[in-house]
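Trainee: In the numbering used here, the protein residues as written are 3 to 220.
We treat Cβ as the ideally placed atom computed from N, Cα and C, and that holds for glycine.
A quick note: this is a predicted structure, and the numbers were derived from the prediction, not measured.
Mind having a look at this structure? Questions to follow.
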């Protein structure tokens, strides 16, 4: 589970080293992870790797409940949530290619819980944080309860990315901001068009118990 950052390949030119922004804070977190109980590190690593699937589950749940209640406007917003999230991921990925910030494990040569990525897998902003924030904001448009749960999960995802050594704190802060901004903009747009799009959502089919067939009239 641990990997030596010093094994990463040398960085090409035209890259950005973000260690001067909050490198010491990053090292404090990484050293705390090294001293933490093994079970906690394993849980954080697992959530960092697989936790994004939880947001997909929340989206499906939101759509299912909206459809079951016959709330087609809300069902449209739930169906739009994955699209909004993918859009935020695309914006975050474009920023990565523009900034080209080296991963902290490549710049600071520390032992991290997550294997140090290859050069070219840039650090700024955090895609995980952007996806989680976008999903959380999109779910606020579906349900306040789901939005609250997703927001807590998004903050936990962002924190886990620093804990496992994948990102600086400023990477996850930027990822959260990018994801939230994209999702808020698109979410408001979707909410405005939801009534017009709701007609494409079929009403739920309700099943009733079958009683005795009525007798034919003479």
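Taking the runs of the alpha helix (DSSP H) that are 4 residues or longer, which of them lie wholly in the segment 134-172?
Mentor: Counting whole runs of 4 or more residues, the segment 134-172 contains the alpha helix (DSSP H) stretches 146-165.
Trainee: When DSSP labels each residue in this structure, what does residue 87 get in the three-state scheme?
Mentor: Numbered from 1 along the chain shown, position 85 holds the residue referred to as residue 87. Residue 87: helix per DSSP, three-state reduction.
Trainee: Taking the alpha-carbon positions, what's the residue 43 to residue 26 distance?
Mentor: Residue mapping note: residue 43 aligns to position 41 of the chain shown, counting from 1. Residue mapping note: residue 26 aligns to position 24 of the chain shown, counting from 1. Residue 43 and residue 26: Cα-Cα distance of roughly 20 Å.
Trainee: Candidates 126, 138, 82, 137: which alpha carbon is nearest residue 18's?
Mentor: Reading the chain shown from its first residue, position 16 is the one you call residue 18. The option with the nearest alpha carbon to residue 18 is 126.
Trainee: I want to know whether the segment 121-138 touches the segment 165-184 - three or more CB-CB distances under 8 Å.
Mentor: These segments touch.
Trainee: In the DSSP output, which residue or residues are listed as bridge partners for residue 18?
Mentor: For the purposes of this step, residue 18 is taken as the residue at position 16 of the chain shown. DSSP, once it has assigned bridges, lists 103 as partnering residue 18.
Trainee: May I ask which residues mark the beginning and end of the alpha helix (DSSP H) holding residue 57?
Mentor: Along the chain shown, read from residue 1 onward, the residue named residue 57 stands at position 55. Looking at the DSSP string, the run of the alpha helix (DSSP H) that includes residue 57 is 54-70.
Trainee: Can you tell me whether DSSP reads residue 51 as helix, strand or coil?
Mentor: Within the chain shown, the letter at position 49 stands for residue 51. Residue 51: helix per DSSP, three-state reduction.
Trainee: Quick check: residue 35 and residue 104, are their CB atoms within less than 8 Å of each other?
Mentor: What you label residue 35 is simply residue 33 of the chain shown in a count that begins at 1. What you label residue 104 is simply residue 102 of the chain shown in a count that begins at 1. Not in contact: residue 35 and residue 104 (Cβ atoms no closer than 8 Å).
Trainee: How many Å lie between residue 129 and residue 138 at the Cα?
Mentor: Here the question's residue 129 lines up with position 127 in the chain shown. Here the question's residue 138 lines up with position 136 in the chain shown. Each residue's Cα considered, the two are about 14 Å apart.
Trainee: Which of the three DSSP states, helix, strand or coil, is assigned to residue 113?
Mentor: Here residue 113 corresponds to residue number 111 of the chain shown, with the count starting at 1. Of the three classes helix, strand and coil, the one that applies to residue 113 here is strand, per DSSP.
Trainee: At a cut of 8 Å, does the segment 87-99 reach the segment 143-150 through at least three beta carbon pairs?
Mentor: The answer is no - the segment 143-150 does not touch the segment 87-99, with fewer than three Cβ pairs under 8 Å.
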